[in-house]
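Encoded as structure tokens, the structure appears first; notes follow it.
In this note's numbering, the protein residues as written are 466 to 623.
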């Protein structure tokens with residue numbers, strides 16, 4: 466007997482998402498999505514509490530798209546996670562030193578199956594500008610227990 470959850474609006478850390486999915490005794494599949502979230506709101510509301518206590522609110526603009534798929538079947542001991550995200554037209558100003566990142570854009574994905582050694586984070590078409598100048602690159606991070614970082618970049622970061 467599968468249980469279906471129709472697409473519904475949910476709030477996580479006061480951020481609106483759309484969620485839906487199907488659960489059965491031998492499998493599950495849930496989707497969590499959001500489009501055009503304000504970048505500064507995402508950064509501020511998803512910051513860990515100790516960081517929020519020490520930092521004033523980040524200032525910024527830009528939008529974030531977010532798509533998460535959580536799935537499992539009877540053969541999997543832990544669920545599979547696939548998350549895609551995109552940031553466009555971003556600007557962030559860190560509140561203490563007032564460090565600025567402008568022209569921020571990226572496309573990324575995270576894939577995990579409950580084994581940190583097999584998890585993968587990809588940041589593609591990462592672009593931004595700081596006081597050090599423009600930066601662009603692609604990063605691929607694997608094995609979160611002993612991180613391996615591969616990529617190509619052009620530019621500097623201050």
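Backbone N, C-alpha and C define an ideal beta-carbon position, used for all residues, glycine too.
- A Cβ-Cβ contact shorter than 7 Å links residue 553 with residue 570.
- Judged by DSSP in its simplified three-state form, residue 583 adopts coil rather than helix or strand.
- Annotated three-state conformation of residue 617 is strand, per DSSP.
- The Cβ neighbour count for residue 472, taken over all protein chains shown within 10 Å, is under 16; the residue is labelled exposed.
- Segment contact: the stretch 576 to 585 against the stretch 560 to 568, fewer than three CB-CB distances shorter than 8 Å; contact not assigned.
- The DSSP-derived three-state label of residue 507 is helix.
- Distances from the alpha-carbon of residue 556 to those of 528, 536 and 542 put 528 closest.
- Bridge partners of residue 593 according to DSSP: 600.
- The Cβ atoms of residue 576 and residue 615 lie no closer than 7 Å to each other.
- The Cβ atoms of residue 591 and residue 602 lie closer than 7 Å to each other.
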